[in-house]
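Engineer: Keeping their order, the protein sequence lines are chains A and B. Under the numbering used here, think of the first position of the first sequence as 93, with each following residue one higher. Under the numbering used here, think of the first position of the second sequence as 93, with each following residue one higher. Glycine is no exception: its CB is placed at the ideal position from the N, C-alpha and C atoms. The structure that follows is given in the form of structure tokens.
2 protein chains.
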Amino acid sequence: MKCNLRIRTTQVFCRGFHQSSVIRSRSSNPAMQFPCLDKMEELSAQLKKRPSSCSLDATSSPHNEPVYERVRSGFKVFQSDKPLFLDYGGVLPKFEIAYETWGSLNKAKSNAVLIHTGLSASSHAKSSVDNPHPGWWEKFIGPGNSMLDTNKFFVICTNTLGGCYGSTGPSSPDPADNSPYATRFPMLSVQDIIRGQERLVTELMGIQKLYASIGCSMGGMQSLAYAQQFPESVEKVVTVSACARSHPSSIAMRHAQRQVLMADQHWSRGFYYPTAAEPNKILPHVGMKLAREIATVTYRSGPEWESRFGTERLNDERPPVLCPDFLIETYLDHQGEKFSLEYDANSFLYLSKTMDLFDLSKSHQDRSKRRRAEARQQYETQDINDEPTRLCDVPYEPIKKNRTTTVEEAREDLRNGMDPIKGKELLVIGVKSDGLFPYWQQREIVDLLGSGREIKHVELDESQSLFGHDTFLLDVEHIGGSIGRFLREKL
Amino acid sequence: MKCNLRIRTTQVFCRGFHQSSVIRSRSSNPAMQFPCLDKMEELSAQLKKRPSSCSLDATSSPHNEPVYERVRSGFKVFQSDKPLFLDYGGVLPKFEIAYETWGSLNKAKSNAVLIHTGLSASSHAKSSVDNPHPGWWEKFIGPGNSMLDTNKFFVICTNTLGGCYGSTGPSSPDPADNSPYATRFPMLSVQDIIRGQERLVTELMGIQKLYASIGCSMGGMQSLAYAQQFPESVEKVVTVSACARSHPSSIAMRHAQRQVLMADQHWSRGFYYPTAAEPNKILPHVGMKLAREIATVTYRSGPEWESRFGTERLNDERPPVLCPDFLIETYLDHQGEKFSLEYDANSFLYLSKTMDLFDLSKSHQDRSKRRRAEARQQYETQDINDEPTRLCDVPYEPIKKNRTTTVEEAREDLRNGMDPIKGKELLVIGVKSDGLFPYWQQREIVDLLGSGREIKHVELDESQSLFGHDTFLLDVEHIGGSIGRFLREKL
Numbered sequence: 093m094k095c096n097l098r099i100r101t102t103q104v105f106c107r108g109f110h111q112s113s114v115i116r117s118r119s120s121n122p123a124m125q126f127p128c129l130d131k132m133e134e135l136s137a138q139l140k141k142r143p144s145s146c147s148l149d150a151t152s153s154p155h156n157e158p159v160y161e162r163v164r165s166g167f168k169v170f171q172s173d174k175p176l177f178l179d180y181g182g183v184l185p186k187f188e189i190a191y192e193t194w195g196s197l198n199k200a201k202s203n204a205v206l207i208h209t210g211l212s213a214s215s216h217a218k219s220s221v222d223n224p225h226p227g228w229w230e231k232f233i234g235p236g237n238s239m240l241d242t243n244k245f246f247v248i249c250t251n252t253l254g255g256c257y258g259s260t261g262p263s264s265p266d267p268a269d270n271s272p273y274a275t276r277f278p279m280l281s282v283q284d285i286i287r288g289q290e291r292l293v294t295e296l297m298g299i300q301k302l303y304a305s306i307g308c309s310m311g312g313m314q315s316l317a318y319a320q321q322f323p324e325s326v327e328k329v330v331t332v333s334a335c336a337r338s339h340p341s342s343i344a345m346r347h348a349q350r351q352v353l354m355a356d357q358h359w360s361r362g363f364y365y366p367t368a369a370e371p372n373k374i375l376p377h378v379g380m381k382l383a384r385e386i387a388t389v390t391y392r393s394g395p396e397w398e399s400r401f402g403t404e405r406l407n408d409e410r411p412p413v414l415c416p417d418f419l420i421e422t423y424l425d426h427q428g429e430k431f432s433l434e435y436d437a438n439s440f441l442y443l444s445k446t447m448d449l450f451d452l453s454k455s456h457q458d459r460s461k462r463r464r465a466e467a468r469q470q471y472e473t474q475d476i477n478d479e480p481t482r483l484c485d486v487p488y489e490p491i492k493k494n495r496t497t498t499v500e501e502a503r504e505d506l507r508n509g510m511d512p513i514k515g516k517e518l519l520v521i522g523v524k525s526d527g528l529f530p531y532w533q534q535r536e537i538v539d540l541l542g543s544g545r546e547i548k549h550v551e552l553d554e555s556q557s558l559f560g561h562d563t564f565l566l567d568v569e570h571i572g573g574s575i576g577r578f579l580r581e582k583l
Numbered sequence: 093m094k095c096n097l098r099i100r101t102t103q104v105f106c107r108g109f110h111q112s113s114v115i116r117s118r119s120s121n122p123a124m125q126f127p128c129l130d131k132m133e134e135l136s137a138q139l140k141k142r143p144s145s146c147s148l149d150a151t152s153s154p155h156n157e158p159v160y161e162r163v164r165s166g167f168k169v170f171q172s173d174k175p176l177f178l179d180y181g182g183v184l185p186k187f188e189i190a191y192e193t194w195g196s197l198n199k200a201k202s203n204a205v206l207i208h209t210g211l212s213a214s215s216h217a218k219s220s221v222d223n224p225h226p227g228w229w230e231k232f233i234g235p236g237n238s239m240l241d242t243n244k245f246f247v248i249c250t251n252t253l254g255g256c257y258g259s260t261g262p263s264s265p266d267p268a269d270n271s272p273y274a275t276r277f278p279m280l281s282v283q284d285i286i287r288g289q290e291r292l293v294t295e296l297m298g299i300q301k302l303y304a305s306i307g308c309s310m311g312g313m314q315s316l317a318y319a320q321q322f323p324e325s326v327e328k329v330v331t332v333s334a335c336a337r338s339h340p341s342s343i344a345m346r347h348a349q350r351q352v353l354m355a356d357q358h359w360s361r362g363f364y365y366p367t368a369a370e371p372n373k374i375l376p377h378v379g380m381k382l383a384r385e386i387a388t389v390t391y392r393s394g395p396e397w398e399s400r401f402g403t404e405r406l407n408d409e410r411p412p413v414l415c416p417d418f419l420i421e422t423y424l425d426h427q428g429e430k431f432s433l434e435y436d437a438n439s440f441l442y443l444s445k446t447m448d449l450f451d452l453s454k455s456h457q458d459r460s461k462r463r464r465a466e467a468r469q470q471y472e473t474q475d476i477n478d479e480p481t482r483l484c485d486v487p488y489e490p491i492k493k494n495r496t497t498t499v500e501e502a503r504e505d506l507r508n509g510m511d512p513i514k515g516k517e518l519l520v521i522g523v524k525s526d527g528l529f530p531y532w533q534q535r536e537i538v539d540l541l542g543s544g545r546e547i548k549h550v551e552l553d554e555s556q557s558l559f560g561h562d563t564f565l566l567d568v569e570h571i572g573g574s575i576g577r578f579l580r581e582k583l
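Have a look at this one:
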């Protein structure tokens with residue numbers, strides 16, 4: 093069944109005075125109007141009216157799901173019926189990973205390149221016969237392409253676990269009761285995500301060693317984690333605009349996004365998926381829009397905005413308003429709105445937290461290993477109960493106000509955790525205009541590994557890119573070129 | 093009447109499972125708990141129950157206002173019954189400015205120093221007999237103090253117009269109907285704010301020339317605007333962590349804060365003040381908390397957080413949660429919560445926008461002058477109607493997507509607008525760890541004015557301060573010291 097859930101939200105002209113506020117007959121100045129709020133209220137009303145029979149894929153889920161337009165089809169699904177035990181003590185009793193491939197696997201199975209995606213990307217890195225829409229890395233992959241030549245390489249891209257574009261995530265049914273996991277979904281680490289991918293690569297495809305593992309942003313965390321967890325299973329590693337451990341500044345920005353989204357009343361603590369009993373639940377589209385606007389501020393750079401928008405307003409002759417008014421505001425508003433119905437809110441929350449938690453430290457690995465073993469034992473002895481993960485015995489007000497380890501100790505821990513990666517052929521790319529994963533975080537990766545000739549470090553300065561963290565999506569010349577040369581290079 | 097509206101919000105231990113979500117008897121993993129949301133819901137419930145007779149100042153307002161604890165008393169009020177015509181075409185038919193002073197005005201009236209505040213500060217820069225609570229610049233002012241010696245200087249500090257600590261702002265009654273202005277308040281420019289201050293200084297105090305005009309952040313915009321609008325009325329000008337024109341990156345961050353606050357259902361398009369008809373309206377405390385959390389990210393710096401919090405979590409042994417979990421998150425949460433009941437949401441929105449609009453350009457001044465004249469004419473001919481400031485004839489979707497002037501043209505416009513400041517004794521201070529008003533914005537002020545010997549430029553590097561934009565609140569040695577030396581200096 094095909095139906096159009098993509099609601100027209102453009103071209104809202106001025107509406108009447110907001111009905112719920114008191115209309116005052118006298119005031120010293122005109123009352124301000126809020127077309128941006130009118131628009132959001134109108135969208136909420138439209139979402140409530142949508143036909144409840146309309147779903148992304150009526151066969152896989154009984155629920156009235158949001159439409160993730162760009163990736164309705166064209167991917168394959170790897171199904172694993174073996175449980176995946178997780179770094180933070182949870183379990184996925186079974187799981188699915190959506191994936192796409194381009195090019196052909198050679199007989200020796202030695203030409204596979206695995207692309208790890210950023211937070212919100214699907215497996216659709218490149219257009220294909222099955223899905224002709226342009227992929228998110230369209231210009232970086234293809235026959236004869238200078239980065240990923242599909243005449244040579246067998247390119248694989250997956251939707252990460254926790255996502256909503258075909259892989260198991262919070263919107264997927266929990267096998268325990270066949271209702272969406274929602275916030276009963278277990279927290280994932282980046283290492284958990286790549287453990288799922290590794291099953292796809294080895295069990296389904298029979299590939300013993302990847303030629304390369306490539307990722308940008310959260311994908312660049314994954315490529316490092318892949319080399320850390322499976323050092324013998326990958327030849328070359330590329331990490332772009334990523335880090336060895338998250339930084340409190342980035343955590344702070346993602347924290348803000350999560351809290352804003354969770355404050356949307358429609359989020360309903362994650363249980364916003366319409367059910368037979370409550371068919372009119374709506375997505376937390378306002379919270380998603382706002383979270384994406386904050387994220388966009390961290391993805392792009394000030395100098396780019398200075399030259400594109402400056403401080404010009406839509407109309408200098410009008411009194412300023414609190415709804416979007418400066419050009420930069422209309423840009424952010426548009427970015428937020430575009431995203432608000434295209435990605436699952438819970439996937440966003442979980443993967444955002446997964447990024448915060450990324451840490452290649454030895455102590456982190458040791459704890460994770462122990463917890464995975466505990467999760468396995470609990471699962472195998474069927475000792476699963478519904479005791480919630482409460483914060484009951486610690487007060488909510490922080491009892492621990494400052495860090496307990498020194499900066500130096502934490503750095504040594506990180507260096508130890510990265511031991512398995514040492515000696516691997518590694519390309520590290522940083523972008524100086526990136527404020528979210530600043531260039532010193534990529535320098536740190538190189539420093540921690542000790543800069544042998546097997547490590548190549550590229551840093552794009554402001555004259556090469558002003559696109560900030562988003563550079564990897566846009567810069568075919570410098571990002572694509574550097575990766576292409578690295579892949580072709582023989583040590 | 094004294095009453096305790098300061099609601100205890102600490103020490104919320106675990107609550108029962110959220111009632112509105114379906115309790116599921118079976119799930120593969122435990123459901124996540126949300127103590128941070130429980131706490132906000134509890135606070136909303138408590139706010140609804142507060143006694144409606146309880147108000148900040150029952151004589152000045154019939155409404156059940158929030159308690160702005162720190163500044164209940166101890167300030168004086170300047171009342172102007174002459175209308176103030178505003179840069180964006182609005183009018184304040186009359187207005188009040190709350191102010192405090194320290195030290196004594198000499199006979200020649202030549203020792204007055206006016207301090208302009210940042211967005212959310214009150215007039216209470218320093219403790220006094222009337223209000224013994226420490227002021228926001230407590231350590232920078234006092235008898236024998238190395239920055240502002242009150243044995244020598246007569247120090248004045250005001251609450252800015254648009255604020256909520258005693259000066260006329262959105263929570264004040266509109267004389268047209270004696271109900272709070274709310275979002276019928278007219279938009280203010282920084283220049284409007286200092287025009288109000290100038291009346292206090294000249295009309296009430298009879299001071300013809302200030303010895304100095306000093307400000308940080310939005311206050312640093314004001315001190316520049318004072319010199320621009322009244323160059324003959326000020327001897328020395330100090331601007332700290334400010335700029336000559338806002339930057340799209342800062343606008344973007346403030347935009348995010350505003351949109352988040354406006355999305356709080358309790359904000360009610362600004363009409364959240366309890367009325368006789370609706371005594372149980374509550375403040376948009378969740379939106380304020382979230383906005384302040386985002387703001388805090390822009391006020392402090394990453395390196396400071398790295399050394400204070402690193403990436404440590406409250407408890408490594410617990411599964412991660414979406415409520416505050418990392419130390420940095422509990423810090424942000426606490427900062428947001430502290431602020432959420434202490435400042436008026438509409439004041440925050442208006443003054444945040446005022447900062448965005450700050451621009452010393454010539455074209456901006458010319459437009460403003462014309463609009464003020466139009467406002468005066470309209471007021472004097474009583475041609476005031478209630479026509480709202482709609483965006484009716486332009487579609488909401490941006491029709492103008494990119495800037496229409498070049499970077500160079502805009503810079504020349506700014507240089508021309510700053511002409512009146514040229515030749516003034518000026519101290520410009522920038523802080524390298526400040527991401528909100530980056531150091532190049534202070535360099536730009538100096539460059540635009542042409543660096544004569546009357547201009548002194550101080551730049552604090554990371555070894556001197558890691559406190560980012562907040563440095564001016566904390567750094568007695570470098571900020572206080574530099575300002576003190578500048579004030580004592582004879583050219």
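1) Using Cβ-Cβ distances below 7 Å, what residues of the stretch 439 to 450 of chain A are close to chain B?
2) For V329/A versus L519/A, is the C-beta distance shorter than 9 Å?
3) Grab the span of the beta strand (DSSP E) containing K328/B for me, first residue to last.
4) Find the residues of chain A that neighbour Y180/B, judging by a C-beta separation of less than 8 Å, and give them in chain order.
5) Got a sec: is the Cβ-Cβ distance from K582/B to anything in chain A below 9 Å?
6) What is the rounded straight-line gap between the Cα of D558/B and the Cα of E551/B?
7) Would you please state the rounded distance, in angstroms, between the beta carbons of S271/B and D436/B? I believe it to be under 8 Å.
8) Name the residue from F232/B, P416/B, H347/B whose alpha carbon lies nearest to the alpha carbon of R405/B.
9) For F322/B, I'd like the list of residues in its chain whose CB is within less than 7 Å of its CB, leaving aside the five on either flank, ordered along the chain.
10) In the DSSP output, what is W194/B paired with across the bridge?
11) Of all Cβ atoms in chain B, is any one closer than 9 Å to the Cβ of H561/A?
12) Using the three-state DSSP reduction, which class does S574/A fall into: helix, strand or coil?
13) Determine which residues of the stretch 336 to 365 of chain B have a Cβ less than 8 Å from any Cβ of chain A, and write them out in chain order.
14) Could you have a look at Q556/B and say whether DSSP puts it in helix, strand or coil?
15) How far does the alpha helix (DSSP H) with L441/B in it reach, from first residue to last?
16) Quick check: what's the CA-CA separation for L443/B versus S360/B?
17) Mind checking whether I68/A and N251/A have CB atoms under 9 Å apart?
18) Rounded C-beta distance between N522/A and S333/A? I'm assuming under 8 Å.
19) At what residue ranges does the stretch 356 to 435 of chain A contain a whole run of the alpha helix (DSSP H), taking only runs of 4 or more?
20) Measure from the alpha carbon of E429/B to the alpha carbon of each residue in K582/B, Q320/B, D269/B, E385/B, then state which is nearest.
21) Is the Cβ of K249/B closer than 9 Å to any Cβ of chain A?
22) Could you compute how far the alpha carbon of I285/B sits from the alpha carbon of L253/B?
23) Tell me which same chain residues have a C-beta within less than 7 Å of the C-beta of F187/B, skipping the five on either side of it?
24) Run through DSSP, which three-state label would F170/B get?
25) Going by beta-carbon coordinates alone, are L528/A and K492/B separated by less than 9 Å?
26) So A502/B contacts chain A; which residues on that side make the cut at Cβ distance below 7 Å?
27) Check the Cβ of T275/B against every Cβ in chain A and list those closer than 7 Å, keeping chain order.
28) Can you list the residues of chain B that E421/A reaches, using a CB-CB cut of under 8 Å?
29) Return the residue from the list D130/B, K140/B, L129/B that minimises the CA-CA distance to Y364/B.
30) Check this for me: beta carbons of S305/A and D222/A, under 9 Å apart or not?
Structural biologist: In brief:
1) Residues passing the 7 Å Cβ filter: L441, K445, D448, L449.
2) Working through the first sequence from its first residue, we reach residue 329/A at position 237. Working through the first sequence from its first residue, we reach residue 519/A at position 427. Yes, Cβ-Cβ distance for V329/A and L519/A is below 9 Å.
3) Taking the first residue of the second sequence as 1, we reach residue 328/B at position 236. Its beta strand (DSSP E) spans residues 326 to 332.
4) The residue labelled residue 180/B in the question sits at position 88 within the second sequence. Going along chain A in sequence order, the residues near Y180/B (Cβ under 8 Å) are P411, P412.
5) Taking the first residue of the second sequence as position 1, residue 582/B is located at position 490. For K582/B, the answer is no, since every Cβ of chain A falls outside 9 Å of its Cβ.
6) Sequence index remark: in the second sequence, residue 558/B carries index 466 (1-based). Sequence index remark: in the second sequence, residue 551/B carries index 459 (1-based). A small fix is needed here, since residue 558/B is Leu in this sequence, not Asp. Between the alpha carbons of L558/B and E551/B lies a gap of roughly 13 Å.
7) Here residue 271/B is taken as the residue at index 179 of the second sequence, counted from 1. Here residue 436/B is taken as the residue at index 344 of the second sequence, counted from 1. Incorrect: roughly 15 Å between the Cβ atoms, too far for contact.
8) Against the second sequence, residue 405/B aligns to sequence position 313. The residue with the shortest Cα to Cα distance from R405/B is P416/B.
9) In the second sequence, residue 322/B corresponds to position 230, counting from 1. Non-local beta-carbon contacts of F322/B in its own chain, meaning distances under 7 Å to residues more than five positions away in sequence, involve E290 in chain order.
10) The count along the second sequence starts at 1 and reaches residue 194/B at position 102. Paired residues: V247/B.
11) Numbered from its first residue, the first sequence carries residue 561/A at position 469. Output row for H561/A: interface = no.
12) Residue numbering aside, residue 574/A sits at position 482 when the first sequence is read from its first letter. S574/A: helix per DSSP, three-state reduction.
13) R337, S338, H339, P340, S341, I343, A344, M345, H347, A348, R350, Q351, V352, M354, A355, D356, Q357, S360, R361, G362, F363
14) Against the second sequence, residue 556/B aligns to sequence position 464. Correct three-state label for Q556/B: coil.
15) Along the second sequence, one-based indexing puts residue 441/B at 349. Where L441/B is concerned, the enclosing alpha helix (DSSP H) stretches over 437 to 448.
16) As a working note, residue 443/B is residue 351 in the second sequence. As a working note, residue 360/B is residue 268 in the second sequence. Those two C-alpha atoms are separated by around 18 Å.
17) Because chain A is modelled from 93 through 583, residue 68/A falls outside the range shown and cannot be assessed.
18) Locating residue 522/A in the first sequence gives position 430, counting from the first residue. Locating residue 333/A in the first sequence gives position 241, counting from the first residue. In the sequence as presented, Asn is not what sits at residue 522/A; that position holds Gly. Contact flag correct, Cβ pair sits at about 7 Å.
19) 377 to 391, 394 to 400, 419 to 432
20) Translated into the one-based positions of the second sequence, residue 429/B becomes position 337. Comparing Cα-Cα distances from E429/B to each of K582/B, Q320/B, D269/B, E385/B, the minimum goes to E385/B.
21) Within the second sequence, numbered from 1, the residue matching residue 249/B stands at position 157. The sequence given here has Cys at residue 249/B, not Lys. So no, C249/B is outside the interface.
22) For the purposes of this step, residue 285/B is taken as residue 193 along the second sequence, with counting starting at 1. For the purposes of this step, residue 253/B is taken as residue 161 along the second sequence, with counting starting at 1. I285/B and L253/B have their C-alpha atoms roughly 6 Å apart.
23) For the purposes of this step, residue 187/B is taken as residue 95 along the second sequence, with counting starting at 1. Around F187/B: S172, L176, L253, T260, G288.
24) On the second sequence, residue 170/B is found 78 positions in, with the first residue counted as 1. If DSSP states are grouped into helix, strand and coil, F170/B belongs with the strands.
25) As a first step, residue 528/A is located in the first sequence; it is residue number 436 there, counting from the start. As a first step, residue 492/B is located in the second sequence; it is residue number 400 there, counting from the start. Result no, Cβ atoms of L528/A and K492/B do not sit closer than 9 Å.
26) The residue you call residue 502/B lines up with position 410 of the second sequence. G402, listed in chain order.
27) Along the second sequence, one-based indexing puts residue 275/B at 183. Going along chain A in sequence order, the residues near T275/B (Cβ under 7 Å) are A123, M124.
28) Residue numbering aside, residue 421/A sits at position 329 when the first sequence is read from its first letter. Here the neighbours are I343, A344, H347.
29) The residue given as residue 364/B occupies position 272 in the second sequence. Relative to Y364/B, the option among D130/B, K140/B, L129/B whose CA is nearest is K140/B.
30) Residue 305/A sits at position 213 when you count from the first residue of the first sequence. Residue 222/A sits at position 130 when you count from the first residue of the first sequence. No. Outside cutoff.
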